[in-house]
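Residue numbers (the numbering used here): -14 to 82.
Below: one structure, written as structure tokens.
Here it is in structure tokens:
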């Protein structure tokens, strides 16, 4: 029984670390972007995304990633990284062709 508990604990710690690295990367990316790139990409404005990601960071520092609130934070991070970040990067760099 202790072996299973330690494996589960290790998996939870790895998930928590991955989520914290993801939110740190997303928050750093959002802070470095121009404010007009968010509106040009037809997304929520820069202060809105910075606030959402900062709250997600605070949530992940306090709550476990597999809890209800932690999952909401991970979804917010995923939306930024998968939807908003590529659009903002395309606006600032132009098309990749």
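Just so you know, even glycine gets a beta-carbon here, dropped at the ideal spot from N, CA and C.
Would you call the region -12 to 7 and the region 20 to 37 in contact, with 3 or more CB pairs under 8 angstroms?
no
Determine the direct distance from the alpha carbon of residue 14 to that of residue 76, and round the result to whole angstroms.
For the purposes of this step, residue 76 is taken as the residue at position 91 of the chain shown. For the purposes of this step, residue 14 is taken as the residue at position 29 of the chain shown. Residue 76 and residue 14: Cα-Cα distance of roughly 14 angstroms.
Ordered list of alpha helix (DSSP H) runs contained in the region 15 to 43, each at least 4 residues
20 to 25
Same chain only: Cβ atoms within 8 angstroms of residue 38, ignoring 5 sequence neighbours per side:
Position 53 of the chain shown, counted from the first residue, corresponds to residue 38. Cβ neighbours of residue 38 beyond the five flanking positions: 8, 11, 12, 15, 61, 62 and 65.
By Cβ distance below 8 angstroms, which residues in the same chain neighbour residue -1 in space, the five residues on each side in sequence not counted?
As a first step, residue -1 is located in the chain shown; it is residue number 14 there, counting from the start. If we look at residue -1 and ignore the five residues flanking it on each side, it has no Cβ neighbours.
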